[in-house]
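Residue numbers (the numbering used here): 793 to 1112. The beta carbon of each residue, even a glycine, is placed where N, CA and C say it ideally should be.
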Ligand SMILES: [Zn+2]
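Structure below.
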């Protein structure tokens, strides 16, 4: 049996684990994944609040060690990339179920029959034969193979053993990652795109959507605060013709935060958002990056964008 055929997401990586109980649905189980404590491996509830941005780190409920969300996110993005588990950061859910494929018989798989909502956006799907496996399912494709996963597919069983007498029905575990239809609103759509590019290893492709998401978050916040002190026309003119995103991020926002008694975004995070902005400009002006992005740097850029967006969302509530 060729090993690559049966490699699959059977073993969760130690940086990620199931968060909360799995929900039973018709034919399968639905669950979410979350990062784990670096110290005791307890699964953490991913809830970043303003205390964190003020430098007061939350503590692990099990071992009492401080949790630095920056490290947690960077680790999760880097290490859970290969199994696409970092899509949990975009609100992905996983559905697990088993099917039985038989020799010479195509299997018509429709995920909506296994508890995946029919309007969900499918992010990834994996197949792992279990037990005494003699067959492996291959996805059918037409003349032009589609590279994105589909809610409905035809599975063709191929034999993975040369011993004819061993060939028989095979149990296959199916693990599908999907997003509820509601997760499609802006700027979440941009983050989903950025996270998917990251798990696909297409790091350059995450730059534009990650910057768009973080820029819209900051601009909305700055605008909300400025509108308390200036007319709509003047504020819009200032934000379009006066303060570029760099000015908003590096001058206007830290000033507003300091004057309002809000936590100021940590330099590490702001620095990475600045780097993301530079890369975005590189792409916009030259059509490509000066130097290719590596996995580790891409994870830091994405973690910074996610945390900055969270910071801006929390302050939007304060600014009401
Ligand atoms: Zn712990």
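- Between ligand 1 and the CB of residue 863, the shortest heavy atom gap is not smaller than 7 Å.
- Under the 8 Å Cβ criterion, the region 897 to 906 counts as touching the region 931 to 950, having at least three qualifying pairs.
- In the three-state reduction of the DSSP assignment, residue 1046 falls in the helix class, which pools H, G and I.
- For residue 831, the shortest separation between its Cβ and any heavy atom of ligand 1 lies below 7 Å.
- The Cβ atoms of residue 919 and residue 864 lie no closer than 8 Å to each other.
- At the C-beta level, residue 1041 and residue 1108 stay beyond 8 Å of one another.
- Set against 7 Å, the gap from the CB of residue 815 to the closest heavy atom of ligand 1 is not smaller.
- Assignment of residue 902 by DSSP, reduced to helix, strand and coil, places it in the strand class.
- When DSSP assignments are scanned along the region 943 to 1015, the uninterrupted stretches of alpha helix (DSSP H) that are 4 or more residues long and fall wholly within it turn out to be 980 to 991.
- Take residue 925, set aside five residues on each side of it, and the residues of its chain with a beta-carbon closer than 6 Å to its own are 962, in chain order.
- Assignment of beta-bridge partners to residue 921 by DSSP yields 964.
- Of the heavy atoms belonging to ligand 1, none sits nearer than 7 Å to the Cβ of residue 1092.
- Per the C-alpha coordinates, the member of 842, 830 and 808 positioned closest to residue 878 is 808.
- Distance from the CA atom of residue 1086 to the CA atom of residue 895, rounded to whole angstroms, is 43 Å.
- Nearest C-alpha to residue 1103 among 1074, 1025 and 1008: 1008.
- Per DSSP, the unbroken alpha helix (DSSP H) holding residue 1100 starts and ends at 1087 to 1110.
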